[in-house]
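Colleague: I am attaching a structure below and will ask some questions about it afterwards.
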Amino acid sequence: MKRYLLLICCLGLISGSCKYLPATKAVVNYDNAFLNHALNNRSDYYYIDFKAANKISSTLPIGIFDSGTGGLTVLNALANFDRYNNSSHMPLECGDGISDFRAEEFIYFGDQANMPYGHYAEVNKTGFLKELILRDALFLAGNKYYKSPDDKRYQTGKKSVKLIVIACNTATAYGRADIESMLSAAGSRIRVIGVIDAGVRGALDTFKENEDGTVAVMATAGTVASDGYLNTFVSLKSSTGHKGKLDFFQYAGQGIAEAIDEEPNYLNRNAMKPRIDYKGPSFFSENLKIRKEQMGIYNFDTTGNSLLVDFRDGQCHELQLNSPENYIKYHLVSMVDDLRSRENIKPLKTLILGCTHYPYLSGFIKTTLRELYNVKVDNKYIYRSVLPDSVILIDPAINTAKEVYDYLLENDLFNKKGDINRSEFFISVPDKLNSAIITDSLNWFTYDYKYNRNENHFYDTRQVPVSRLNTNDEIIARIKEQLPSVYELIIKFQRENKRTLFLKPAERL
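For the sequence shown, counting from 1, position 437 maps to 476 in my numbering; every step adds exactly one.
Okay, structure coming up:
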């Protein structure tokens, strides 16, 4: 009899690793299989007793999440935000030289294992994308994390948050309403702020009341497909009373965020020739075609292995991009060509950087647009009908920081005892103890595995502290150079926080 009981228990464990077990008692009906299990089952990793933690304390951290490292640009905007007197909260044109969020603590989570989020909509996996986004929010609101990809037991003690900032345009478009609905049903008072509204407000502010022109947004394919920016633009333009004729143009910069975060299907620092598993622009791509006749206009960087070329018999047979800058060049040329093909469109005045990864390359984007303004073909400037000599770039992170400030002030939630240097940083990695996952040579999910999952998929990732074990040298160097304030916070987390004491010296940044 004991052997039968043991067999039944083992079978239960095996099936439990692949599908959710039925909840013992449905306390709240969330109309979502994942939430019904996670929030009604105390043994679930994502379980939170929201009713027991209903009170929001000003001393709690602010949670921020993105599908990778792009959201660090939003944290950077918060860390350097200085528009008010820190004592009186009165606005100051030049600030007071002290960060307005210096006493706030932040918990940042980058869902690196599941990035990029922008592709899930393309392959009809929006349901699973929404589940990933809900998991992100629950991780921030909960107290659990893992030390490593093969940690057999999760750790506790991570603080909950008083506010969730979705530092991802795709996640804002597809998941903000779901997070808010979940929190409301659970009885939580945690507020959610996204980046799309902030970006559109910033763009509209660049136009006078009766001015005509074009606003463009360059974002991931998923964000564009959601029409989140378009719908917000229409709504806010109407509510602000702008009377000029404003055209709105959306463009999908597929591969830019992936290249910045060095997702292997889009960029491989070790590659020296075209790759079979490459998913970016090429001569033979249907949706991301590099046009041979425009090679002079693209003006790709050919140094090192920035461009992977199959050159045989005096001819270029294949071309693949292998640097973030070359992705920018390709997409800006394609975007401006698309603009030029539209009838009666007004000249572009303002470009919203509709992915939080893009501000890493804002300077390069400005330079490239200026170069395109001066491009001549047959002694004619081919882009000046749609391009001014200087395009205004909007980074939604700045307006997002303003929205966070206003919310904390209005709800008396400013932390008076905190220290931004106690901020924490986590990243998702594939669960090494799960034999059902499929990873590549770099120990990240393969493209096919990643985008063939569905709702109610078993938990196949771990949220672990950021370290050299899960972040490569190029990404670390980029953060250090372009986001020095954030880099210093990460270093302090690595060297002074109790959640990283287990790391060996060589594993720290």
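Glycine is no exception: its CB is placed at the ideal position from the N, C-alpha and C atoms.
1. Give the range of the alpha helix (DSSP H) segment to which Glu-530 is assigned.
2. Could you check whether the stretch 349-361 touches the stretch 211-229, counting it as contact only if at least three pairs of C-beta atoms, one from each stretch, sit closer than 8 Å?
3. Can you give the Cα-Cα distance for Thr-98 and Phe-287, rounded to whole angstroms?
4. Less than 8 Å between the C-beta atoms of Arg-492 and Phe-167, yes or no?
5. Flag this pair as touching only if the stretch 397-416 and the stretch 326-334 have three or more C-beta atom pairs under 8 Å; answer yes or no.
6. Hey, could you find the ends of the beta strand (DSSP E) Ser-277 is sitting in?
7. What's the call for Cys-394, buried or exposed, on a 16-neighbour Cβ count within 10 Å?
8. Would you report the Cα separation of Ala-436 and Ala-237, rounded to the nearest angstrom?
9. Are three or more beta carbon pairs between the stretch 456-466 and the stretch 412-431 nearer than 8 Å?
10. Any beta carbon of chain B sitting closer than 8 Å to that of Leu-171?
11. From this set, Ile-336, Cys-355 and Asp-251, which residue's C-alpha is nearest Phe-323's C-alpha?
12. For the alpha helix (DSSP H) holding Tyr-337, just list the boundary residues, first then last.
13. Counting along the chain, where does the beta strand (DSSP E) carrying Lys-388 start and finish?
14. Which residues in the same chain have their Cβ closer than 8 Å to the Cβ of Ile-529, if we skip the five residues on either side of it in sequence?
15. Whole beta strand (DSSP E) runs in the stretch 218-242 with 3 or more residues, listed along the chain?
16. If Thr-298 sits next to Tyr-305, beta carbons under 8 Å apart, how far is it from one beta carbon to the other, in whole angstroms?
17. Taking the alpha-carbon of Asn-450 as reference, which of Ser-82, Tyr-69, Arg-423 and Lys-94 has the nearest alpha-carbon?
18. So, helix, strand or coil for Met-374, using DSSP?
19. Cα-Cα, which of Val-256, Gly-335 and Glu-301 is closest to Asp-434?
20. Can you give the Cα-Cα distance for Ser-187 and Asn-365, rounded to whole angstroms?
21. Return the chain-ordered list of same chain residues with a C-beta closer than 7 Å to the C-beta of Ile-336, the five sequence neighbours on each side being excluded.
22. State the DSSP-derived secondary structure class of Ser-96, mapped to helix, strand or coil.
23. Can you give the beta carbon distance from Thr-108 to Asp-300, rounded, assuming they're within the 8 Å contact cut?
Modeller: Well, looking at it:
1. Correcting the residue type first, residue 530 is Ile in the shown sequence and not Glu. Per DSSP, Ile-530 belongs to the alpha helix (DSSP H) from 523-535.
2. Output reads no: the stretch 211-229 does not touch the stretch 349-361.
3. Near 41 Å, if we compare the C-alpha coordinates of Phe-287 and Thr-98.
4. A distance below 8 Å separates the beta carbons of Arg-492 and Phe-167.
5. no
6. Under the DSSP assignment, Ser-277 falls outside any beta strand (DSSP E), being part of the alpha helix (DSSP H) whose first and last residues are 267-279.
7. buried
8. 7 Å
9. no
10. This model lacks chain B altogether; it includes just one protein chain.
11. Nearest of Ile-336, Cys-355 and Asp-251 to Phe-323, Cα basis: Cys-355.
12. 334-337
13. 387-393
14. Phe-464, Val-505, Ile-518 and Leu-548
15. 230-232
16. Checking the sequence, you will find Ala at residue 298 rather than Thr. Yes, they are in contact, since the Cβ atoms of Ala-298 and Tyr-305 sit about 5 Å apart, within 8 Å.
17. Lys-94
18. helix
19. Nearest C-alpha to Asp-434: Val-256.
20. 34 Å
21. Val-372 and Val-414
22. coil
23. 6 Å
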